[in-house]
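Worksheet: the structure to be examined is printed underneath.
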Amino acid sequence: MFEEKILHCVSLIVRKENLSKYKLQFGEETKKGDGYFAKVIFTTVTGTTVNGEEKIWEFAVKMSTSNEKLRRQTPVKEFFEREIYLYEQIIPSFKNFQEEMKVDKNMLDVIPTCYLAESLQDCEIVVLENLRTHGFSLWDRKIPTTYDYIKLVLQAYAKWHCFSLAMRHKSAATFEKLTENYVHLFPYFILKVGLDNIIYEYYEEILDAWENDTELKENRFSKSDIKNILTNLVSEDPHSSVILHGDCWTNNFMFKVEEKSQRPVGVRIIDLQLSGLGSPVLDLSVFIYACVDVEKHKNVEELLKIYYDFLSENLRQFKCDPSKIFSYDKLLNHWKTFSCYGLILGIFLLKFSLGESDEVPDFVDSANRGKEFLENFYFHIAKEETYFQRIKNNIIHYTANLK
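For the sequence shown, the residue numbers in the UniProt record's numbering are 1 to 403.
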């Protein structure tokens, strides 16, 4: 079934290449635990042009689940239509804006090339470049990212967020039209399916595990606090909002490592289906509280400075004054206001990150077995002690950096 759909999409891509013939070869698929609403099939297309020139393409074909039960339980269609819109409308607009402003470097190089994005009758397909053939790979999601990797991600977010801030300043009407009704889909999804209640249960479980630790009682969240963060807080200060990545857990970054030094030299941001509008800190805080060992980076300004220095450098490429558009003081104030969002999301994202492939749920399989969607979130992981400790560290870090 999926082979026919991929063949259809590939035929649309290669048609404009004037090929006399081509062959499609299917490779590996992503494994359980690497993605939850889609699978990625790696494919190779070899072809010959009418002039006899050999061509090879390596694609990563991302297909949303066609499982009817799961698509009824969750807004899968909305997720992938958002990613399609981003690749078909937002990124081309950003490219045009970059050219109009005569920016002398490609600031969209943190996003993989998309060859086709299409909505079919029962699923959605996004055909991307296969980053693995260019030396990119995932970080081990069970291990916190180290400094060199953290720096690359923060700089990638600075590049990505820069487009929104600069376009809002230089071409406000275009940006407003581009982001009309651009709801932040992650909190929307959480509230739609009732996942906020699961997050609160996880939170209570963590507090119970550390019941004698008075430090965790400070700034304790109630169930209504969590709902308010997801409902109202995420849309505050719209004049400083940017188009977010949205889904900032470890598996949504791919890194290129220099063979000799074993140091990372490149990063790509992947999986954009939960994008939306919001403070830059919504992305930054989720990344920090889901992917970083905050015990080693206790002062958040150490990380925010990396982000802001690179953001400023890139805003100047667009002939913008960073201090007027989004000052460092404003970033610090945004951290104090919006970082609770990342803390809350980290509570459930870290559990999935630390789980082994045979511990985390399979949403499609669960739907086929008649399970309700929220039943997927009642699972145990062997690294529970590590999970509790990292969430405790996050809470302490969050509280300390409000002062």
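Even for Gly, the Cβ is constructed at its ideal location relative to N, Cα and C.
Short of 6 Å from the beta carbon of residue 286, and not among the five residues preceding or following it, lie these beta carbons of its own chain, in chain order: 248, 342 and 345. Residues of the same chain with a CB within less than 6 Å of the CB of residue 295, apart from the 5 flanking positions on each side, are 393 in chain order. Of all alpha-carbon atoms in 120, 288, 68 and 266, the one lying nearest the alpha-carbon of residue 84 is that of 120. Between residue 334 and residue 261 a beta carbon distance of about 35 Å is seen, past the 8 Å cut, so the two are scored as non-contacting.
Between the alpha carbons of residue 149 and residue 20 lies a gap of roughly 43 Å.
Relative to residue 380, the option among 359, 198, 386 and 396 whose CA is nearest is 359. Shown here for residue 12: same chain residues with a beta carbon closer than 7 Å to its own, the five before and five after excluded, namely 116 in chain order.
Rounded to whole angstroms, residue 237 and residue 209 show a C-alpha spacing of 36 Å. Taken through DSSP and simplified to helix, strand or coil, residue 115 comes out as strand. Note on residue 92: under 16 other CB atoms within 10 angstroms of its CB, so exposed under the neighbour-count rule. In this model, residue 99 and residue 133 are separated by some 28 Å (Cα to Cα). Shortest Cα-Cα distance from residue 178 to any of 235, 155, 61 and 88 involves 88.
Taken atom to atom, the span from the alpha-carbon of residue 40 to that of residue 103 is near 33 Å.
Collapsing the DSSP output to three states places residue 346 in a helix. Checking the DSSP bridge columns, you'll see residue 25 partnered with 44. In the displayed model, residue 242 falls within a strand according to three-state DSSP.
Residue 222 sits in coil when the DSSP states are folded into three classes, being neither helix nor strand.
Around the beta carbon of residue 214, a 10 Å sphere encloses fewer than 16 other beta carbons of the protein chains shown; the residue is thus reported as exposed. Here the region 188-205 makes no contact with the region 305-323; the two share fewer than three CB pairs at distances below 8 Å. Exclusion of the five residues before and after residue 151 leaves 306 as the residues of its chain whose Cβ lies within less than 8 Å of its Cβ. In the same chain as residue 166, and ignoring 5 residues on each side of it, the C-beta atoms closer than 7 Å to its own belong to 315, 318 and 320, in chain order. Going by DSSP, residue 59 is part of the beta strand (DSSP E) stretching over 54-64.
Residue 349 places its beta carbon less than 8 Å from that of residue 290.
The residues 41, 42, 43 and 44, in chain order, have a CB closer than 8 Å to that of residue 27 in the same chain once the five nearest residues on each side in sequence are set aside. In the three-state DSSP reduction, residue 315 falls in the helix class (H, G or I). For residue 78, the enclosing alpha helix (DSSP H) begins and ends at 76-85. The three-state reading of DSSP puts residue 269 in strand, counting E and B together.
For residue 101, the secondary structure class from DSSP, reduced to helix, strand or coil, is coil. Residue 305 sits in a helix when the DSSP states are folded into three classes. Around the beta-carbon of residue 252, 16 or more other beta-carbon atoms lie within 10 Å, marking it buried. Residue 256 carries a strand assignment under DSSP once its states are collapsed to helix, strand and coil. Restricting attention to 352, 159 and 70, the CA atom closest to the CA of residue 122 is found in 70. Around the beta carbon of residue 376, a 10 Å sphere encloses 16 or more other beta carbons of the protein chains shown; the residue is thus reported as buried. Assignment of residue 37 by DSSP, reduced to helix, strand and coil, places it in the coil class.
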